[in-house]
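Following: one structure in structure tokens, then a few remarks.
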Amino acid sequence: MVAEQYREIEERVTKACERAGRKREEVTLIAVSKTKPISMLKEAYEAGARTFGENKVQELVSKMDSEELASDISWQMIGHLQRNKVKYIVGRVDLIHSVDSFRLAEEINIQSKKKGVITPILIEVNAANEDTKFGVKIEDTIDLIKQIAKELDSVQIKGLMTIAPYVVDSEENRPYFRKMKALSVDITNENIDNVCMDILSMGMTGDFEVAIEEGATMVRVGTGIFGERNYQN
Ligand SMILES: *Cc1c(COP(=O)(O)O)cnc(C)c1O
Numbered sequence: 135m136v137a138e139q140y141r142e143i144e145e146r147v148t149k150a151c152e153r154a155g156r157k158r159e160e161v162t163l164i165a166v167s168k169t170k171p172i173s174m175l176k177e178a179y180e181a182g183a184r185t186f187g188e189n190k191v192q193e194l195v196s197k198m199d200s201e202e203l204a205s206d207i208s209w210q211m212i213g214h215l216q217r218n219k220v221k222y223i224v225g226r227v228d229l230i231h232s233v234d235s236f237r238l239a240e241e242i243n244i245q246s247k248k249k250g251v252i253t254p255i256l257i258e259v260n261a262a263n264e265d266t267k268f269g270v271k272i273e274d275t276i277d278l279i280k281q282i283a284k285e286l287d288s289v290q291i292k293g294l295m296t297i298a299p300y301v302v303d304s305e306e307n308r309p310y311f312r313k314m315k316a317l318s319v320d321i322t323n324e325n326i327d328n329v330c331m332d333i334l335s336m337g338m339t340g341d342f343e344v345a346i347e348e349g350a351t352m353v354r355v356g357t358g359i360f361g362e363r364n365y366q367n
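Take the sequence shown: its position 105, counting from 1, is numbered 239 in our numbering, and each next residue is one higher.
Here you go:
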């Protein structure tokens, strides 16, 4: 079931790229495997998934440690990150999507220095300004990026991430995706040292096609690949 669903989502990603006149290689499909067992991750892997996203440190680490999974998986932290847990993932994940404060970036910087690595990060933006969401406000994003780039040399800002509102009609999120793309262009135009805007991580099961049409380079799809999540166990 997972393999079939993975291929179906992959196909929809390809079609959205075609509609938008973009190359398929421009968009990375992240299989969001939170709450799902290793057996399902293996199925997705066998269908072609190589990039997996998790939103809890403990679960992420236990999956990265699993000997049942191949070693060529790119693991990415997509969820809210507490500073006291940064040390468990620095040097082990390829990208942290969810940096929304200087203090968090500072801790990632400290742990990166200790391990002798440079950690690629994205800045999480609360594009729709929802009270319930993490992320920096659009209008505060450039200042945060400038501060991180100036003061922290063991993190590298690679782009932006957003979690759009939950909507029934994905078209409702198009303006937010468009704002994110415009923001990333504005930041590129600032020419800040050590900052690039190669990555725009936006779009989930309900709206990834619209996100691709508006410029997403990473889409994070959970339910569409693995089915509904059950948080009871
Ligand atoms: C769970 C999650 C997703 C995937 O959501 P679906 O709607 O199941 O595709 C994407 N991004 C983040 C940050 C998540 O926590």
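Every residue gets a Cβ at the ideal spot worked out from N, C-alpha and C, and that includes glycine. Values in this document were obtained by computation on a predicted structure and should not be read as measured data.
So the beta strand (DSSP E) residue i belongs to, where does it begin and stop?
{"i": "Lys284", "result": "It is not in any beta strand (DSSP E) - Lys284 instead sits in the alpha helix (DSSP H) that spans Ile272 to Glu285."}
{"i": "Asp332", "result": "Val329 to Ser335"}
Can you determine whether any heavy atom of ligand 1 sits closer than 7 Å to the C-beta of residue i, and answer yes or no?
{"i": "Lys168", "result": "yes"}
{"i": "Thr296", "result": "no"}
{"i": "Asn189", "result": "yes"}
{"i": "Met352", "result": "no"}
{"i": "Thr357", "result": "yes"}
{"i": "Thr266", "result": "no"}
{"i": "Thr339", "result": "yes"}
{"i": "Gly155", "result": "no"}
{"i": "Ile346", "result": "no"}
{"i": "Gly213", "result": "yes"}
My understanding is that residue i touches residue j, with C-beta atoms under 8 Å, so please give their C-beta distance in whole angstroms.
{"i": "Val136", "j": "Met174", "result": "5 Å"}
{"i": "Leu203", "j": "Lys176", "result": "7 Å"}
{"i": "Arg146", "j": "Glu343", "result": "6 Å"}
{"i": "Ile321", "j": "Ile279", "result": "6 Å"}
{"i": "Val233", "j": "Ala350", "result": "Between Ala350 and Val233 the Cβ distance is about 18 Å, and since that is not below 8 Å, they are no contact."}
{"i": "Leu286", "j": "Asn243", "result": "4 Å"}
{"i": "Gly213", "j": "Arg354", "result": "Their Cβ separation, rounded to whole angstroms, is 10 Å, which puts Gly213 and Arg354 out of contact at 8 Å."}
Just checking: is the beta-carbon of residue i within a distance shorter than 8 Å of some beta-carbon in chain C?
{"i": "Cys330", "result": "Looking at the structure shown, chain C is missing, and only one protein chain is on hand."}
Buried or exposed for residue i, please, with buried defined as at least 16 other CB atoms from any protein chain shown within 10 angstroms of its CB.
{"i": "Asn218", "result": "exposed"}
{"i": "Ser200", "result": "exposed"}
{"i": "Asp265", "result": "exposed"}
{"i": "Glu305", "result": "exposed"}
{"i": "Asp327", "result": "exposed"}
Indicate whether residue i and residue j have their beta-carbon atoms separated by less than 8 Å.
{"i": "Met336", "j": "Ala345", "result": "yes"}
{"i": "Ala165", "j": "Ala183", "result": "yes"}
{"i": "Ile297", "j": "Lys267", "result": "yes"}
{"i": "Ser288", "j": "Thr253", "result": "yes"}
{"i": "Glu347", "j": "Lys315", "result": "no"}
{"i": "Thr275", "j": "Leu317", "result": "yes"}
Where do the ends of the alpha helix (DSSP H) carrying residue i lie?
{"i": "Val220", "result": "Val220 to Ile223"}
{"i": "Lys292", "result": "Looking at the DSSP string, Lys292 is not in any alpha helix (DSSP H); the run it does join, the beta strand (DSSP E), is Val289 to Thr296."}
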